[in-house]
Amino acid sequence: GEALQKAGSADFVWQGAGGASILAHYLAGPRLYCQGDNIDYQEKLEVPGGHTGPLNDTPDYTDSQIDSYVAELTPWSKTPYQFVPVGCDFQAPKAQLIKYADGYNQRRYPITHVFVVAAPFDDYETLIGYWRDVLPTVTNELTPYYMGFYGSRADIKRGVRDSARPFFVAETFATVLGADGRAITLAARPELEKLTRGDHHDFVTGTSANDVAANEQLPLLAETKLAGETELDAVASAIARRIPITANAKYRALLLNASSAIRDDVAQVSFPLEQGAAPLIHAVSDNQEVSMALAFAPTLGDKTATFDVAIAKMPSFAWKALDFLAGAPAAISSRVTLTSDAQRVVLNNEHVRARWDAAAGVFALTSVVIDSVEMLSAPSMVIADYKDTGGLWRVGSEMSGCELSPLPAAGGADTVRVVESGPLRARVAFDSNGTTREATLSAGSTGLELAITTNAAQKTTRTVRFAFTGTTPLRTSSPAGFVERPMQRVYEPTFHPAVQWAETGGNAILLRQSTGVSMSKQGVVELMAVRWAPSEQCDFEGGTGDDSGSHRIEWRLERVADVSQAELLAQAFNRPLELRAVPLDQAKTLDLAPLVSLLGVSGGGVVSALKPADRGDGVVVRVLLMVSAVHLTPSPLLNVTRANFVDLAERDGAPLSLSATIDVDRAISGSIASIRLR
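Counting along the sequence shown from 1, when you hit position 581 you're at 1017 in the working numbering, and nothing is skipped either side.
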């Protein structure tokens, strides 16, 4: 706002890092987007459902109000046009607006040479578009702004992503099913469309009123997630029916990798108990034995047993059929170890060694070595609390008179609890004061999974702090790439938005839900976890609500070579390997192989969507280009004979040349490219 004020323009060209630009407008009036609401009321601001001042629709008053808008906006006007918004939240239409404008033009235009038009914003932007050459260009990212919502109502943020995931996985593999796959996705579309409500600024941000969050948003997320899981079950079963089954199989599962990454990891699957005990079964895929082990012993009341299954070099956007036969699995040597005592806990696999050490009974993560490189410079995964007199939208430091100030450590010794300790996967928990911190390591994994289950006290924001090695700037992901962040900007501490990951010095934190990230000292990174901010104490703009509940937040630590690898690993973390039990029945035609990759992906980016086209025929692939070109290798099963760019509405554009691979060049397409294959 200050920069635009100095430039004398509410209108500007916003230039993105990927090369694209958009025409943008800053609401410069003193009453935000409510500026014109007092054209016929003597009040500063109209409130929902009522007025704070009397009606005055006399010509003298309405003319004087229009004159005041012109005076307020003239210092911000580099063009002959000004925009006055009319219609704040929950306001009734101004029935006499045309009359006010026409009357002003008759009475005042000969004097002021200002002509008033009642028109939508897009008409205004069309007129401004002819004056782009005189407008300032802004290239920086526009945060920090309303930093509080990064941590408000963590369950909703996580729920939006969890609810969307099964739809995205299902549509990926529906592409191989032709008309049947399209029918399955079309049947699920009404529920997926409900999830678009999550885009509303008071939904995913967690800033809605209590009753809306509890009685509308969370139930809607649960409903859509169930619908997505049902769609995914239908797609997985339809594929599995066309894959030849191993003779005498007792169970079958389909492993799905809906990410651009080639995966070495452990997936889990559950099957019914047999006479109260875990069934003695082993896994094969295409007649080859697959390493597996019981994840943990069933306890009283359990109806299923959970198994760990080792996955090696699972291709991108691929499925793999696993059949489970009677007979115990072959003994395997431990690929993950967990050792613990009263002072130290160590997790170890082929790539990762993580150590927790106790000081005064409180454990901290003191070392994470990945492929011989140490990530940490000081004790980490440490809880930090702040007194926060802000509200759901803003932390206290964003308002004059309010505060965001550090609080003393809560204290209290940790109790160490081993949750899982098998040959393929180990998980340990540290419990203290109603908070649980966890670390999980799987065979083959190049990263350490972390989680915290915690709540915040009233008027408190809780963060988790990591101290990383290296001296490079903080970078965080954005919907169209990444942004390099300053340590502090405008507020201290500054929490920057991060969508999929945050990284400094080659050390990346992968996120299961968007959050705020701060780096006030080199390498010292804080992640906003949970907040209980009932209402802003110093202003009237923020939402009001309570969040005393406990939330589970999950992260993963990885070493990365560049931002492209961070995006790749974050996509894999957010689309974990699905090992989904499917029926044993078989189709008349068995035409699919046990292991198939639908799309090979390499280069400086990821494929964010692979799905049946919504408009027209074929398959749509959406590519996020991070640093360089991306190369796509479609499976013969997709029957690709031609390819062309499409826009986000899936209208056809320029053709692409076809060879063994399809190359998408960032210099041509920018940060995001959508392609139709047919």
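Think of the CB as a built atom: it goes at the ideal place given N, C-alpha and C, for glycine as much as any other residue.
**OP:** Measure the beta-carbon distance from G472 to P521 and round it to whole angstroms, keeping in mind my assumption that it falls under 8 angstroms.
**Re:** 6 angstroms
Original post:
In terms of residue numbering, what span does the alpha helix (DSSP H) encompassing V605 cover?
Top reply: For V605, the enclosing alpha helix (DSSP H) starts and ends at 590–610.
Original post:
Whose CA, out of H932, Q949, W968, lies closest to the CA of S956?
Top reply: Of the listed residues, the one whose Cα sits closest to S956 is H932.
Original post:
Hey, how far is the Cα of L736 from the Cα of T579?
Top reply: Whole-angstrom Cα-Cα distance: 51 angstroms.
Original post:
Relative to the alpha-carbon of A916, which residue among S1107, G455, Y586, R861 has its alpha-carbon at the smallest distance?
Top reply: That would be S1107, whose Cα lies nearest to the Cα of A916.
Original post:
Between which two residues does the beta strand (DSSP E) carrying T889 extend?
Top reply: Here the beta strand (DSSP E) through T889 covers 884–890.
Subject >> Same chain, Cβ closer than 6 angstroms to D1076, five either side skipped, listed in chain order >> reply: According to the sequence displayed, residue 1076 carries Val and not Asp. P1070, L1113.
**OP:** Classify L1020 as helix, strand or coil using the three-state DSSP reduction.
**Re:** coil
Original post:
Can you tell which of I592, D824, V854, P715 has its C-alpha closest to the C-alpha of L840?
Top reply: D824
**OP:** Go through its chain and collect everything with a Cβ distance to I620's Cβ below 8 angstroms, but skip five positions before and after it.
**Re:** A606, A610, L613, E667, A670, V671, A674
Original post:
Any idea if F526 is buried or exposed, counting beta-carbon neighbours within 10 angstroms, 16 or more meaning buried?
Top reply: exposed
Subject >> Residues that W792 bridges to, as DSSP identifies them >> reply: V781, L801
Subject >> Beta-carbon contacts of W991 that lie in its chain and below 6 angstroms, excluding the five residues immediately before and after >> reply: L886, I945
Original post:
Helix, strand or coil: how does DSSP classify G587 here?
Top reply: In the structure shown, G587 sits in a helix (DSSP, three-state: H, G or I).
Original post:
For V1018, which option in T871, G485, E874, L691 has the closest C-alpha, if you only look at C-alpha atoms?
Top reply: L691
Subject >> Same chain only: Cβ atoms within 7 angstroms of Y560, ignoring 5 sequence neighbours per side >> reply: Y517, F519
**OP:** Drop a sphere of 10 angstroms on the beta-carbon of L1092, count the other beta-carbons inside from all chains shown, and report buried for 16 or more, exposed for fewer.
**Re:** A buried status is given to L1092, since no fewer than 16 other beta-carbon atoms sit within 10 Å of its beta-carbon.
**OP:** Using alpha carbons as the reference points, say which of V804, I681, G712, V705 lies closest to S721.
**Re:** I681
Original post:
How is S1080 classed by DSSP in three states: helix, strand or coil?
Top reply: The amino acid occupying residue 1080 in the given sequence is Asn; Ser does not appear at that position. The answer is strand: DSSP assigns N1080 an E or B state.
Original post:
Taking buried to mean at least 16 other C-beta atoms within 10 Å of its own C-beta, is I717 buried or exposed?
Top reply: buried
Subject >> Whole runs of the alpha helix (DSSP H) within the region 685–765, excluding any shorter than 4 residues >> reply: With a minimum length of 4 residues, no continuous alpha helix (DSSP H) run stays inside the region 685–765.
Original post:
Within 10 angstroms of its Cβ, does G1052 collect 16 or more other Cβ (buried), or is it exposed?
Top reply: Within 10 angstroms of the beta-carbon of G1052 lie fewer than 16 other beta-carbons, which makes it exposed.
Original post:
Which full runs of the alpha helix (DSSP H) of 4+ residues lie inside the region 496–563, going along the chain?
Top reply: Within the region 496–563, the complete alpha helix (DSSP H) runs of at least 4 residues are 533–543, 545–548.
**OP:** Report all residues from its chain with a CB closer than 7 angstroms to the CB of K630; omit the five preceding and five following residues, and keep chain order.
**Re:** Only L656, T660 meet the Cβ criterion.
Original post:
What's the C-alpha gap between V966 and V640?
Top reply: 14 angstroms
**OP:** Give a yes or no on whether the C-beta atoms belonging to G1036 and S1064 are separated by under 8 angstroms.
**Re:** Not a contact, by the Cβ cut-off of 8 angstroms.
**OP:** Helix, strand or coil for K957, going by three-state DSSP, please let me know.
**Re:** strand
Original post:
Apart from the five residues just before and just after E928, which ones in its own chain have a Cβ nearer than 8 angstroms to its Cβ?
Top reply: S833, S956
Subject >> Endpoints, beta strand (DSSP E) assigned at N869 >> reply: Segment: none, N869 is in no beta strand (DSSP E) and carries neither H nor E.
Subject >> DSSP three-state assignment for D669, whether helix, strand or coil >> reply: helix
Original post:
Three-state secondary structure (DSSP) at T905?
Top reply: coil
Original post:
Are the beta-carbon atoms of I747 and A703 separated by less than 8 angstroms?
Top reply: Against a cut-off of 8 angstroms, the Cβ pair of A703 and I747 comes out as a contact.
Subject >> In DSSP terms, what V449 is bridged to >> reply: L459, T573
Original post:
For C838, which of A845, G826, G848 has the nearest alpha-carbon?
Top reply: G826
Original post:
So, are the CB atoms of K514 and D447 less than 8 angstroms apart?
Top reply: yes
Original post:
How is I1111 classed by DSSP in three states: helix, strand or coil?
Top reply: strand
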